Amino acid sequence: ENAVIPFVADNACVPILVEWNKNISARLPIFPGLKTGMMESNGPQNYAMWPQLVSDYPLSEAHWLMPTSGTFQLNQSYYHHSGGIFIDPLPYISSFR
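Mapping to the UniProt record's numbering: the sequence shown position 75 is 75, numbers consecutive.
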């Protein structure tokens, strides 16, 4: 009826996976009744070392990694970099060598 496109993914995942999910969510139509899309993420509540995980992210200083007043602020830089998901996550890569 409202043409909602559902997207369901694990909301308690590490930052790189949050960004993958955010990339998909950011490209879906806005949620009916809101002026934006909607995504739940609770990684900080589930990972004691969340600050370390964020600091290991390829674009760890990017403002879009942390919500502001409950909202991820995505701008042209976010879309230009695809949230950093295509940049090699060096701390993770070195774990497999």
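C-beta: ideal position from N, C-alpha, C; glycine also.
Values in this document were obtained by computation on a predicted structure and should not be read as measured data.
Is the distance from the Cβ of residue i to the Cβ of residue j below 9 Å?
| i | j | result |
| --- | --- | --- |
| G83 | N23 | yes |
| L59 | I87 | yes |
| S41 | N75 | no |
| G37 | P15 | no |
Tell me the residue span of the alpha helix (DSSP H) that contains residue i.
| i | result |
| --- | --- |
| P15 | P15 to S25 |
| V54 | W50 to S55 |
| G43 | G43 to N46 |
| S94 | L90 to S95 |
Please classify residue i: is it buried, with 16 or more other beta-carbons within 10 angstroms of its beta-carbon, or exposed?
| i | result |
| --- | --- |
| F7 | exposed |
| E61 | exposed |
| M66 | exposed |
| F72 | buried |
| M39 | buried |
Pull up the distance between the alpha-carbon of residue i and that of residue j, whole angstroms please.
| i | j | result |
| --- | --- | --- |
| P91 | D56 | 6 Å |
| S77 | A26 | 13 Å |
| Y47 | C13 | 9 Å |
| Q45 | T68 | 16 Å |
| W64 | I5 | 23 Å |
| L17 | H81 | 15 Å |
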